[in-house]
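Engineer: Residue numbers (my numbering), protein chains in the order written: chain Z, 48 to 114; chain G, -14 to 482.
1. Which class does residue 18(G) belong to by DSSP, given the choice of helix, strand or coil?
2. For a contact defined as C-beta to C-beta under 9 angstroms, what are the partners of residue 49(Z) on chain G?
3. Under 7 angstroms, CB to CB, which of the residues in the region 57 to 86 of chain G have a partner in chain Z?
4. Work out the CA separation of residue 449(G) and residue 299(G) for me, nearest whole Å.
5. For chain G, is any of its Cβ atoms less than 7 angstroms away from the one on residue 53(Z)?
6. Between the region 45 to 53 of chain G and the region 459 to 474 of chain G, are three or more C-beta pairs nearer than 8 angstroms?
7. Which complete alpha helix (DSSP H) runs does the region 246 to 324 of chain G hold, if anything under 4 residues is left out?
8. Let me make sure I understand the geometry here. Which of 362(G), 288(G), 265(G) has the alpha-carbon closest to that of residue 313(G)?
9. If I follow the unbroken alpha helix (DSSP H) through residue 472(G), where does it start and stop?
10. Taking residue 87(G) and residue 16(G) to be in contact with their CB atoms under 8 angstroms, please state how far apart those CB atoms are, rounded to whole angstroms.
11. How close, in whole Å, do the beta carbons of residue 66(G) and residue 138(G) come, if the pair is a contact with beta carbons under 8 angstroms?
12. Note down the Cα distance separating residue 275(G) from residue 106(Z), rounded to an integer number of angstroms.
13. By the DSSP assignment, the alpha helix (DSSP H) with residue 403(G) in it spans what residues?
14. Verify the CB distance criterion: does residue -1(G) have a CB-CB separation below 7 angstroms to chain Z?
15. In whole angstroms, what separates the C-alpha of residue 267(G) from that of residue 280(G)?
16. Please report the distance separating the alpha-carbon of residue 371(G) from that of residue 388(G).
17. Express the C-alpha separation of residue 200(G) and residue 211(G) in angstroms, rounding to a whole number.
18. Measuring straight from C-alpha to C-alpha, what distance separates residue 426(G) and residue 418(G)?
19. Which residues share a DSSP beta bridge with residue 187(G)?
20. Rounded to the nearest angstrom, what separates residue 181(G) and residue 48(Z) at their Cα positions?
21. Taking C-beta pairs closer than 7 angstroms, name the residues in chain Z that residue 240(G) reaches, listed in chain order.
22. Residue 223(G) CB to nearest chain Z CB: under 7 angstroms?
23. Taking residue 164(G) as part of the alpha helix (DSSP H), name the residues at either end of that continuous run.
24. To the nearest angstrom, how far is the alpha carbon of residue 8(G) from that of residue 53(Z)?
25. Just the Cα atoms here: how many angstroms apart are residue 400(G) and residue 288(G)?
26. Among the residues of its own chain, which have a CB less than 8 angstroms from the CB of residue 454(G), if the five just before and after it don't count?
27. Mind checking if residue 67(Z) is an interface residue toward chain G, Cβ cutoff 7 angstroms exclusive?
28. Strictly under 7 angstroms for the Cβ-Cβ distance: is residue 56(Z) near chain G by that measure?
29. Taking the alpha-carbon positions, what's the residue 209(G) to residue 216(G) distance?
Take a look at the structure:
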């Protein structure tokens, strides 16, 4: 197999990998909230909207430690 | 010790807000002088023959670019980081003596570096690499400043109360990592006192002088990988970080689609680093690299517009706020200019368009609709939003802010329209030839034709500078304006008449 052929296979494999990566990530973004402990990413906007120091965090580090 | 409730500590934010304004004035003032020097070359001698060395275009030009990039913009990035970082991570700088010390050290070392840069560039000490003109001792100082910035970012993240990182924090992290990588690799250099000539003799020269480790085409490639990504990680990524925080906060609206913000983030990270080759179209760089630069530039429209449309849609159902608040106006126009320049850039990166656009004023126009309309407007909007919160006072004058908005918008429009016409005229005239291939015009013919457009550009820049002085005055007066309660600071900023 010469170098040009190798490049072509590499190029094709990379493209397939990137397409799977992209759609996989989009699927992950939408499916995460369906799990029992999943987070709805849209709630993360509240990190900016409710950002006073005594506001309740969207997901607290200390909650994590309690588990 | 008295038992006070915990508050965010904006000491370092205030320091960097000050340098944002001061260095903005310096950089933009020099820019206006340069614009008029191009229209009226006599101004190169504005302080007389004796001082011509310090007032000519070529000496001032790097001072303009470096003051607005590494002075105004970088200060704005630091000021907003020390504000946004605390708030979205829900942790105060006052909670860590170490982080407070590092923050202040970050500021003062930054100031020392700025002084060294200004003195050395005025003195004509330069490595001659565009946007990387600083000699090695200053490069080392810049690296230290940058490491301190990184320690502050990761230090605050380390003591955070909020488990997840808000989208803006991701963009600030990317700014830190991106610039760190770019700066180190582009500034690989050897001090000439350590070098010797091929015959073994000592080269010598000034102790501060260095030469790049790269040469020829390789040097150009590394330089424009750096140069273009300085735009990416200095003018795009951190400014997107700002708008993702300040627009939702000021309007009280949740981001239209947080998922789209994440997708755009990773898209931008993946694509931007490959686009630098478009600066070297029709050069000695391998053809496939030029093509790759063009293609990645065009695909870059997707993540760029992903963020920009996300911001515009955040205002869905709340468009009356754009009419009512000059602060929202600044951010919506910034977002619109972001869309505009991220469409214009890819168009210029297409090889056939670039054949006309390359080396012309159209490129200068493109840079400036990005930096004046997007970067400048967003940083000023961020400072307008932060000022009432850090000073606990209302913004001094809403009407002054509105006037500033329209004056500067007019300035930006005059700037880029004149540069479009000038650039395309220039590109066409340079290419024009007769049936035997003889060039139809000499260089001076283009200069004569472009004179009116250069004057219009100067006026546009001057209007923007006037607006910037209005901004500085408004912020200054805010420090002694009517005090406000915490309850007035939830979303829309309080403004005096």
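Positions of the beta carbon are idealized from the N, C-alpha and C atoms, including for glycine. This structure is a prediction, so every number in the text was calculated from the model and none was measured.
Structural biologist: So, from the listed chains and residues:
1. helix
2. By Cβ distance, chain G contributes nothing, its closest Cβ being about 17 angstroms from residue 49(Z), past 9 angstroms.
3. 72, 73, 75, 77
4. 28 angstroms
5. no
6. no
7. 272 to 284, 286 to 299, 305 to 309
8. 362(G)
9. Note, residue 472(G): premise wrong, no alpha helix (DSSP H); not H, not E.
10. Rounded, the Cβ-Cβ distance is 33 angstroms, inconsistent with contact.
11. 7 angstroms
12. 46 angstroms
13. 383 to 416
14. no
15. 15 angstroms
16. 20 angstroms
17. 15 angstroms
18. 8 angstroms
19. 181(G)
20. 46 angstroms
21. 92
22. no
23. 152 to 171
24. 53 angstroms
25. 27 angstroms
26. 10
27. no
28. no
29. 10 angstroms
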